[in-house]
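Residue numbers (this note's numbering): 202 to 424. We put the beta carbon where it would ideally sit given N, CA and C, even for glycine. Quick caveat: nothing in here was measured; it's all calculated off a predicted structure.
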């Protein structure tokens, strides 16, 4: 998977808003519009609403069957990191052409990249590589190997591919155990170690926690 890293803003639209979000029980797995707006507060309201509606549609295709609050928060933290706070559904270097052809290798024969198609990061988890596009498409009933661009063109597919990847790679298991670092290992292992990218991902997670009314985590943050 690919990564993006940018500076992080504090939680919420206003300090009064974030300072008054009540703490919730660990069994509360709801993603409310209030929490969503707090996490993705850098978006203009129209785009944030578009992203939210796409997410609601995606959940009807691929439910996020979270068992505790940590799963939900970690999922949203990775979404925020991979998409620069949902500002983009395409990897920036893919858009510019700098890395557009860096993800063409297949490890799942007979699946091969389609001629003229590029498999750089797209969607909420920056889905990359032909095998991941093929597997996601098979699950969602859309030929994403032939049409990878659909992942960034549709808010619904952008979210649904992330939900698929989360479930298919059992990211909920380490998340339930409060192990954010292990979830990072799954989505983008090249960030592991002393990297700025991993530190930025952790900052995204801490912001999500604040939007859920929690303090900063201190344990199992790194891989």
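Under 7 angstroms Cβ to Cβ from residue 314, same chain only, skipping five residues before and after it: list those, please.
Within the same chain, residue 314 has close Cβ partners 305, 307, 320 and 331.
Less than 7 angstroms between the C-beta atoms of residue 365 and residue 340, yes or no?
Cβ atoms of residue 365 and residue 340: closer than 7 angstroms.
Can you tell me the Cβ-Cβ gap for residue 326 and residue 286, rounded? I've got them flagged as a contact below 8 angstroms.
Not quite, the Cβ-Cβ distance comes to about 14 angstroms (not below 8 angstroms), so this is no contact.
I'd like to check one pair, residue 424 with residue 393: are the Cβ atoms closer than 7 angstroms?
Yes, they are a contact pair.
With DSSP collapsed to three states, give me the class of residue 323.
If DSSP states are grouped into helix, strand and coil, residue 323 belongs with the strands.
Out of curiosity, what's the CA-to-CA distance linking residue 295 and residue 288?
Straight-line Cα distance between these residues: approximately 15 angstroms.
When the distance is taken between beta carbons, is residue 328 closer than 7 angstroms to residue 338?
No, the Cβ-Cβ distance between residue 338 and residue 328 is not below 7 angstroms.
Please state whether DSSP places residue 328 in a helix, a strand or coil.
Of the three classes helix, strand and coil, the one that applies to residue 328 here is strand, per DSSP.
Between residue 252 and residue 395, what straight-line distance do the alpha-carbon atoms span, to the nearest angstrom?
Using only the alpha carbons, I get a separation of about 32 angstroms.
Indicate whether residue 324 and residue 362 have their beta-carbon atoms separated by less than 7 angstroms.
Yes.
Quick one: grab the DSSP three-state call for residue 235.
Three-state DSSP puts residue 235 in a helix.
Using DSSP bridges, identify the partner residues of residue 178.
Because the chain in this structure spans residues 202 to 424, residue 178 falls outside the shown range and cannot be described.
Looking at the secondary structure, which residues open and close the alpha helix (DSSP H) in which residue 373 lies?
Residue 373 -> alpha helix (DSSP H) spans 373-377.
CA-CA distance, residue 421 and residue 228?
Using only the alpha carbons, I get a separation of about 20 angstroms.
Going by DSSP in three states, residue 313 sits in which element: helix, strand or coil?
Three-state DSSP puts residue 313 in coil, outside helix and strand.
Would residue 259 and residue 418 qualify as a contact pair, given that the criterion is a beta-carbon distance under 7 angstroms?
The answer is no: Cβ separation not under 7 angstroms.
Apart from the five residues on each side of it in sequence, which residues of its chain come closer than 7 angstroms, Cβ to Cβ, to residue 405?
Only 209, 278, 281 and 282 meet the Cβ criterion.
Please state if the CB of residue 273 and the CB of residue 312 are separated by a distance shorter than 7 angstroms.
No, they are not a contact pair.
Taking Cβ to Cβ, would you say residue 291 is nearer than 7 angstroms to residue 353?
The answer is yes: Cβ separation under 7 angstroms.
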